[in-house]
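Have a look at the structure below, then the notes.
Residue numbers (my numbering): 1 to 72.
Below you can see the structure in the form of structure tokens.
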């Protein structure tokens with residue numbers, strides 16, 4: 001399209017990113033069997049969502065590295 005990604009008018013601004021899906025709809029159960037929801041619980045605290053991922057084998061999940069940046 002002739003527009004370079006470095007053009008300032010096309011840069012993402014952290015304030016413009018929405019934390020929620022806009023205009024989406026609920027998925028039917030089992031309609032996306034390769035998707036996973038990754039949660040964490042520390043010292044008996046309630047589980048909290050941290051990231052999504054994709055099953056790439058029967059025992060491996062692929063997710064983004066930033067999901068675990070602050071983990072020990």
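Where is the CB? At the ideal position from N, CA and C, for every residue including glycine.
Please read all numbers here as calculations on a predicted model, not as lab measurements.
Option nearest residue i by Cα separation, candidates the options
i          : options        : result
residue 57 : 29, 25, 33     : 33
residue 69 : 50, 37, 55     : 50
residue 36 : 46, 48, 52     : 52
residue 64 : 38, 24, 43, 46 : 38
Secondary structure of residue i, DSSP reduced to three states
i          : result
residue 60 : strand
residue 66 : helix
residue 21 : coil
residue 48 : strand
residue 30 : coil
residue 12 : Interpretation of residue 12 is limited by its pLDDT of 49, a score under 50 that renders its predicted location unreliable; no figure is taken from the coordinates.
residue 54 : strand
residue 35 : strand
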